[in-house]
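K.L.:
Before I ask anything, here is the structure I am working with.
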Amino acid sequence: MRKIISILLFFVLILSGCAKPAEKTSGSTLPKEPKTLQTLQDSILTIMAKIDLMPSINNAIETRNKLTEISFQKEKELASLSESRLPEADKLKTPEDIEKDKVKLSSHIINTCIYPSLLAEDIDDLNKLEKEPLKFKLEEYWLDINKDLVDIHKDWNSLQASMSEVSADPEYIKNFETNLNSLTDSIGQYNIFDSIVYSNNMTKYLSSFRQYFKTYTNNDIDNAKYSVRKAVLLCDMESYEEALTTITSISELLNSKADIYSKEKEKFAKLKYSIQALQKSIENKNLKLVQINAPIVISNLSEFMQKGTSEN
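Here my numbering is used: the first residue of the sequence shown is 1, the next is one more, and so on.
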């Protein structure tokens, strides 16, 4: 049922978002890109990672709780021994008590969908997630996600104010808001997969907004990253044919501008081969390989992210 609903979600929200490209203004007359746009982009990618990590966090907390319970039981047993028979080390901590303090999220990463691809973006706040001390309850993590969501709404409000001066396409704005509101609802329902889909859709429209500003970001590459993440999500739903179409479109875009990107031969070759590997893993319907190859493509795309390495 989840797969059917999610497939419909992709068709309704992604296909309906194919608004016609707005006419670009001359680069020399465009205002400088507001910092809020990149802040918003990083925040959305980070909240995607936090949401995708929820099963892993739950696994780590459950492991620590089991060790805590075992430790408590052993402490009761040891307390029943006479003081003379109780070893000095056991008076302090049981082995389980020591182990529970060592439980880290990084050792319990399970059932992630898009997290490895997000790590490839190399965002500071995102990179720190595995290193943070483990909280006591899963609810605390959802509370943090809701706080992040409030900040995303605030940053979106600021970005809207900046775009009021550049006549941004109302359709883009509407689609972004639709996905943001849907993300808010799905987070409220603790719906992990749909929340990730809505978040990724938002990155597509943020990239579209950049055309209204003087930016150093290559929008072709930004959109390609969105498409790679979309393909991973489609594979997770077993929609491999649509995922393959999505990745093929990236390859076709880059090939159509090969005269630009191939100027950096080694980087371009790495990117082409990584896309081919991802295509093959999708053709073989191997989700594990897809999740390994997708971050490599994103990492290679990042080498062309700045406008200095290519034209936009």
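For glycine and all other residues, C-beta sits at the position ideal for the given N, C-alpha and C.
For Lys-32, which three-state DSSP category applies?
P.N.:
Residue state, collapsed to three classes: strand.
K.L.:
Assign Asn-181 to buried or exposed, taking buried as 16 or more other Cβ atoms, counted over all protein chains shown, within 10 Å of its Cβ.
P.N.:
It counts as exposed.
K.L.:
Report yes or no: do the region 208–215 and the region 245–255 share at least 3 C-beta pairs separated by less than 8 Å?
P.N.:
Output reads no: the region 245–255 does not touch the region 208–215.
K.L.:
For Lys-230, name the three-state secondary structure that DSSP assigns.
P.N.:
Three-state DSSP puts Lys-230 in a helix.
K.L.:
What would DSSP say about Lys-24, mapped onto helix, strand or coil?
P.N.:
Residue confidence is low: Lys-24 scores 47 on pLDDT, short of 50, so the model does not pin down where it sits. No coordinate-derived value is stated.
K.L.:
Which whole-angstrom value is the C-beta distance of Glu-33 and Thr-203, which I expect to be below 8 Å?
P.N.:
About 15 Å separates the two Cβ atoms, so there is no contact after all.
K.L.:
Please state whether DSSP places Gln-276 in a helix, a strand or coil.
P.N.:
DSSP places Gln-276 in helix when its eight states are reduced to three.
K.L.:
Using DSSP's beta-bridge definition, name the partner residues of Lys-214.
P.N.:
Lys-32.
K.L.:
Three or more beta-carbon pairs under 8 Å between the region 141–156 and the region 115–124, yes or no?
P.N.:
No, the region 141–156 is not in contact with the region 115–124.
K.L.:
In three-state DSSP terms, what is Gln-189?
P.N.:
Looking at Gln-189 - three-state DSSP - the assignment turns out to be coil, as it is neither helix nor strand.
K.L.:
When the Cα of Ser-158 is compared with those of Lys-35, Lys-272, Val-228, Asn-255, which residue comes out closest?
P.N.:
Out of Lys-35, Lys-272, Val-228, Asn-255, Lys-35 has the C-alpha closest to the C-alpha of Ser-158.
K.L.:
Mind checking Ser-26: buried by the 16 CB within 10 Å criterion, or exposed?
P.N.:
Residue placement at Ser-26 cannot be trusted, given a pLDDT of 48 that sits under 50; what the coordinates show is reported in the next sentence. When all chains shown are included, Ser-26 counts as exposed.
K.L.:
Shortest alpha-carbon distance to Val-150 belongs to which of Asp-124, Thr-184, Phe-176?
P.N.:
Nearest C-alpha to Val-150: Thr-184.
K.L.:
For the alpha helix (DSSP H) that contains Ser-302, what are its first and last residues?
P.N.:
Counting along the chain, the alpha helix (DSSP H) containing Ser-302 begins and ends at 287–302.
K.L.:
Over what stretch of residues does the alpha helix (DSSP H) that includes Gln-160 continue unbroken?
P.N.:
First-last of the alpha helix (DSSP H) with Gln-160: 138–163.
K.L.:
Got a sec? Which residues, its chain only, sit under 6 Å from Lys-50 by beta carbon, not counting five neighbours each side?
P.N.:
Counting only Cβ-Cβ distances below 6 Å, and skipping sequence neighbours, we find Ile-145.
K.L.:
Taking just the CA atoms, how far does Phe-193 sit from Ser-186?
P.N.:
Near 9 Å, if we compare the C-alpha coordinates of Phe-193 and Ser-186.
K.L.:
Any idea what DSSP makes of Ser-16, helix, strand or coil?
P.N.:
Confidence at Ser-16 is low in this model, with a pLDDT of 44, below 50, so the placement of that residue is unreliable and no value is reported for it.
K.L.:
For Ile-296, count neighbouring Cβ atoms within 10 angstroms of its own Cβ and tell me buried if that reaches 16, exposed if not.
P.N.:
Buried, by the Cβ-count rule.
K.L.:
Mind checking which residues open and close the alpha helix (DSSP H) that includes Ala-120?
P.N.:
Here Ala-120 belongs to no alpha helix (DSSP H), and DSSP marks it neither H nor E.
K.L.:
Work out the CA separation of Lys-102 and Thr-178 for me, nearest whole Å.
P.N.:
The alpha-carbon atoms of Thr-178 and Lys-102 are separated by roughly 42 Å.
K.L.:
Check whether the region 60–67 and the region 226–244 touch, using three or more Cβ-Cβ pairs below 8 Å as the test.
P.N.:
Touching, no, given that fewer than three Cβ pairs across the two stretches are closer than 8 Å.
K.L.:
At the level of alpha carbons, what is the spacing between Thr-46 and Phe-268?
P.N.:
The alpha-carbon atoms of Thr-46 and Phe-268 are separated by roughly 28 Å.
K.L.:
Pairing CB atoms from the region 125–135 with CB atoms from the region 223–241, are three or more of them under 8 Å?
P.N.:
The region 125–135 is not in contact with the region 223–241.
K.L.:
Between Val-197 and Cys-235, is the Cβ-Cβ spacing less than 8 Å?
P.N.:
In this structure, Cys-235 does not lie closer than 8 Å to Val-197 by Cβ.
K.L.:
Judging by CA-CA distance, which residue of Leu-271, Asp-42, Phe-304 is the nearest neighbour of Asp-124?
P.N.:
Taking only the C-alpha atoms, the option nearest Asp-124 is Asp-42.
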